[in-house]
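Quick notes on the structure that follows.
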Amino acid sequence: NVSSSERMASHPMQRFQFVVVGGGIAGVTCVEQLASDFPSAEVGLITAASHIKAVANFKQVSQTLEEFDVEERPSSVLQEKYPNVTVIQSVVRSLQADQHTLQTEDGRSVGYEKLCICSGARPKLLTQDQPYVLGVRDTDSVQEFQKRLSSAKRIVVVGNGGIALELVFEVRGCEVVWAVKDKAIGNTFFDAGAAQFLIPSLEAQRPPRDAVCKRARYTTEQGPEGGSDGGPEGGLHTFTAGGDRRRPGSGSTGAGSALGPDWHEGFLLRGAEERPQGVRVEYECEVQEIFTPSDPLRPQPEADYGEWPVYVRLTNGRTVGCDFIVSATGVVPNADAFLQGNNFSLAEDGGLRVDDHMMTSERDVYAAGDVCSACWEPSALWQQMRLWTQARQMGWFAGRCMAADVQTQPIELDFCFELFAHITKFFNYKVVILGKFNAQGLGADHELLVRCTKGQEYVKVVLRGGKMVGAVLIGETDLEETFENLILNQMDLTPYKDELLNPNIDIEDYFD
Ligand code: FAD
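Counting from 343, one number per residue, gives the positions in the sequence shown under my numbering.
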């Protein structure tokens, strides 16, 4: 039993010009930006997990749309690529912003000139300490979900964001009751029309799980030590089941990086039932109460709910028994470790407020990715959403701002924050969302144009004052670049409104 003061003594203060906390996409991109911009500067990365997330196969699809894969790699890969980077694998316990120092769980003291906090977010659980409620965030939590699902006959999924959408679609052999607080599924990304387009995919006979593969996968070949196993080409890791569960920092403590695109690939999400089971959507409701059969406060059953390990009472009056509950109701920024003794301004969602230089309210402290809340006056066509793309863009831009600050150079907000653009897949359809795709913040001051071909494509355009301000494209529409241009150049489309979604007109040619 080594006391913390003894441990402190064994670790003299390490000093770096730049320190980044968090080995997710935001932190790693920030480190890479700093390390390549300043080859002579010492850059420290402190991260809780032994593996980092790296962007691979980056592709700029259009001016603002980008696509990439995410690889989980041993952190040694970063040090091999950038000799000026030192990775410290430990959890940051506290920050003394006035002294420019950080303390880690294993007793280190780390000094910085400029710090970037990229500690991500954790699932917002419906209740804490309820063994029947699971959150999905990192490899270990998906493995736990998979294990519990294998003997489950019915689960309740709560939430209406991207994770819930993917989950209900991927689960096989288990009845899913999906509780959404909105009038339509996928409200975070779509409107009711798009939801109607997607609903048949939940009802259709879905292909066996392994026939669905969206992007290239990599194999896990973690060595027995869970450490370095080669150079950049030799150490690929992914979110495959059977990874080393002893790996520090990827457990339910929430210390691991968030999963991302295709997180469910490689996990067989199968329940206990042989026959296909359906998805039942409970609209416009939230969880009122969760109770178990032995719960002394359990309400008197009004009806026979069946014998289940746990019951969920919904605000629509229904009570559903199930094997367990998946809480996919959003995330909470991981800012706690940095708050005590400092004066950070926090946004309503608990994120560290950052300005248009990714700077927090504390001097020389920046933040990027899921942990931060963008509090600058945004472009009329951009909003923050806690997604991979924005984690990468913010990490990259934070690195550039830190560098500009050191060199006392001015820096403008990057073009990537001009237009919200996201490309993904839901229910096996390509999905592109642009700008104010859900008419966010527009009130009644907008007009929608919609084109839908069942089972093939759904195209929605949001117009304000005759100008395009947002779009949702589901399926292989091939419209993303043209629509992106029309949104960016704010051309008055009033004369073309009737033709805009005419499938017989080559719209790209039309506006060439
Ligand atoms: P993270 O990736 O969470 O990384 C945070 C890092 O900080 C980790 O390395 C962690 O170990 C470290 N850390 C935390 N606290 C400390 C501490 N105190 N000390 C030291 N280190 C610390 N986005 C999409 O765009 N598309 C998707 O399809 C998609 N699917 C998703 C599916 C799931 C299940 C989840 C959970 C998220 C998904 N997201 C998706 C969101 C996306 O994963 C996140 O927006 C993104 O990963 C955020 O990156 P980040 O670097 O800010 O944080």
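Built from N, CA and C at the ideal position, the CB exists for glycine as well.
Please report how far the alpha carbon of R479 lies from the alpha carbon of F380, in whole angstroms. Looking up residue 479 in the sequence shown gives position 137. Looking up residue 380 in the sequence shown gives position 38. Just so you know, the alpha carbons of R479 and F380 end up roughly 33 Å apart.
Indicate, with yes or no, if the ligand FAD has a heavy atom lying under 7 Å from the CB of R728. In the sequence shown, counting from the first residue as 1, residue 728 sits at position 386. Yes, the beta carbon of R728 sits closer than 7 Å to at least one heavy atom of the ligand FAD.
Can you give the Cα-Cα distance for V385 and E508, rounded to whole angstroms? As a working mapping, residue 385 is identified with position 43 in the sequence shown. As a working mapping, residue 508 is identified with position 166 in the sequence shown. Going from the Cα of V385 to the Cα of E508 covers about 37 Å.
Coarse secondary structure for Q726, derived from DSSP in three states: Within the sequence shown, residue 726 is the residue found at index 384, counting from 1. Under the three-state reduction of DSSP, Q726 is assigned to coil, being neither helix nor strand.
With D678 as the anchor, note down where its alpha helix (DSSP H) starts and where it stops. Along the sequence shown, read from residue 1 onward, the residue named residue 678 stands at position 336. Its alpha helix (DSSP H) spans residues 678-681.
So what's L467 in DSSP terms, helix, strand or just coil? Translated into positions along the sequence shown, residue 467 becomes position 125. Reduced to three states, the DSSP call for L467 is coil.
For the alpha helix (DSSP H) that contains E422, what are its first and last residues? Translated into the one-based positions of the sequence shown, residue 422 becomes position 80. Unbroken alpha helix (DSSP H) run through E422: 418-423.
Closer than 7 Å: is that where the CB of A733 sits relative to any heavy atom of the ligand MG? No copy of the ligand MG occurs in the structure displayed; its ligands are the ligand FAD alone.
Count Cβ pairs between the segment 401-418 and the segment 822-836 that sit closer than 8 Å; are there 3 or more? Yes, they touch.
Let me check understanding here. Comparing Cα to Cα, which of T702, G808, D848 lies closest to M833? The count along the sequence shown starts at 1 and reaches residue 833 at position 491. In terms of Cα proximity to M833, the closest of T702, G808, D848 is G808.
By alpha-carbon positions, which one of D712, E690, D691 ends up nearest to M700? Residue numbering aside, residue 700 sits at position 358 when the sequence shown is read from its first letter. With distances taken between CA atoms, M700 lies nearest to D712 out of D712, E690, D691.
Taking only runs of the beta strand (DSSP E) that begin and end inside the segment 467-519, which ones reach a length of at least 3 residues, in chain order? Taking only runs of at least 3 residues, the beta strand (DSSP E) segments lying wholly in the segment 467-519 are 475-477, 496-500.
Starting from S543 and walking both ways along the beta strand (DSSP E), at which residues does that stretch end? Translated into the one-based positions of the sequence shown, residue 543 becomes position 201. First-last for S543: 534-545, but that is the alpha helix (DSSP H), not the beta strand (DSSP E).
Determine contact between the segment 607-626 and the segment 513-524, defined as no fewer than three beta-carbon pairs at a distance below 8 Å. Judged by pairs of C-beta atoms under 8 Å, the segment 607-626 touches the segment 513-524, as three or more such pairs exist.
Among A494, Q725, S636, which has the Cα closest to the Cα of E615? Residue 615 sits at position 273 when you count from the first residue of the sequence shown. Closest option to E615, Cα to Cα, is A494.
Is any heavy atom in the ligand FAD found nearer than 7 Å to the beta carbon of K796? As a position in the sequence shown, residue 796 is number 454, starting the count at 1. No, the Cβ of K796 stays beyond 7 Å of every heavy atom of the ligand FAD.
Here's the rule I'm using: 16 or more other beta-carbon atoms within 10 Å means buried, otherwise exposed. How should T463 be labelled? Counted from its first residue, the sequence shown places residue 463 at position 121. It should be pointed out that residue 463 corresponds to Ala in this sequence rather than to Thr. So A463 ends up on the buried side.
Please report the straight-line C-alpha distance between R622 and V412, rounded to a whole angstrom. In the sequence shown, the residue the question calls residue 622 occupies position 280. In the sequence shown, the residue the question calls residue 412 occupies position 70. If you take the alpha carbons of R622 and V412, they lie about 32 Å apart.
Which residue marks the beginning of the alpha helix (DSSP H) containing R842, and which one marks its end? Counting from one through the sequence shown, the residue named residue 842 turns up at place 500. Strictly speaking, residue 842 in this sequence is Leu, with Arg absent from that position. 839-842 is the span of the alpha helix (DSSP H), which, as asked, contains L842.
Pull up the DSSP beta-bridge partners for I430, would you. Numbered from its first residue, the sequence shown carries residue 430 at position 88. Beta-bridge pairing links I430 to I388.
Taking the Cβ atom as the reference point for each residue, do V505 and D665 lie within a distance shorter than 8 Å? Residue 505 sits at position 163 when you count from the first residue of the sequence shown. Residue 665 sits at position 323 when you count from the first residue of the sequence shown. For the sequence presented, residue 505 should be read as Ile rather than Val. With respect to D665, I505 sits apart: the two C-beta atoms are not nearer than 8 Å.
Give me the residue from K395, T750, L491 with the minimum Cα distance to R415. By one-based count along the sequence shown, residue 415 stands at place 73. Nearest C-alpha to R415 among K395, T750, L491: K395.
On the criterion of 16 or more Cβ atoms from any shown chain inside 10 Å, does K796 qualify as buried, or is it exposed? The residue you call residue 796 lines up with position 454 of the sequence shown. Exposed, because fewer than 16 other Cβ atoms sit within 10 Å of the Cβ of K796.
From the DSSP output, read off the bridge partner residues of Q445. Position 103 of the sequence shown holds residue 445. Answer by DSSP bridge pairing, in chain order: S436, S451.
Please report the distance separating the alpha-carbon of L843 from that of F779. Mapped onto the sequence shown, residue 843 falls at position 501. Mapped onto the sequence shown, residue 779 falls at position 437. Approximately 16 Å between the Cα atoms of the pair.
Evaluate L790 with the Cβ neighbour count: other Cβ atoms within 10 Å of its Cβ, from every protein chain shown; 16 or more gives buried, anything less gives exposed. For the purposes of this step, residue 790 is taken as the residue at position 448 of the sequence shown. Under this definition L790 is an exposed residue.
Return the chain-ordered list of same chain residues with a C-beta closer than 8 Å to the C-beta of Y454, the five sequence neighbours on each side being excluded. Working through the sequence shown from its first residue, we reach residue 454 at position 112. R357, F358, Q359, F360, V361, G386, H442, T443, L444, D706, listed in sequence order.
Where does I394 fall in DSSP's three states? As a first step, residue 394 must be located in the sequence shown, where it is residue number 52. Strand at I394.
For E850, which residues of its own chain have a beta-carbon under 6 Å away from its beta-carbon, when the five flanking residues on both sides are left out? In the sequence shown, counting from the first residue as 1, residue 850 sits at position 508. Result list for E850: T824, in chain order.
Tell me which residue opens and which closes the alpha helix (DSSP H) that I849 is part of. Working through the sequence shown from its first residue, we reach residue 849 at position 507. From DSSP, the alpha helix (DSSP H) with I849 extends over 849-852.
Shortest alpha-carbon distance to V662 belongs to which of E624, K466, E690? Numbered from its first residue, the sequence shown carries residue 662 at position 320. For the residues E624, K466, E690, the minimum Cα distance to V662 belongs to E624.
Tell me the rounded alpha-carbon separation between F853 and E408. As a position in the sequence shown, residue 853 is number 511, starting the count at 1. As a position in the sequence shown, residue 408 is number 66, starting the count at 1. Just so you know, the alpha carbons of F853 and E408 end up roughly 23 Å apart.
Under 7 Å from any heavy atom of the ligand FAD, does the C-beta of G364 make it? Locating residue 364 in the sequence shown gives position 22, where the first residue counts as 1. Flag set: Cβ of G364 near the ligand FAD.
Would you mind sorting D840 into buried or exposed? The rule is 16 or more other CB atoms within 10 Å of its CB. Along the sequence shown, read from residue 1 onward, the residue named residue 840 stands at position 498. By the neighbour-count rule (16 or more Cβ atoms within 10 Å), D840 is not buried but exposed.
Report, in whole angstroms, the separation of the C-beta atoms of V674 and V499, which I expect to be a contact under 8 Å. For the purposes of this step, residue 674 is taken as residue 332 along the sequence shown, with counting starting at 1. For the purposes of this step, residue 499 is taken as residue 157 along the sequence shown, with counting starting at 1. Between V499 and V674 the Cβ distance is about 19 Å, and since that is not below 8 Å, they are no contact.
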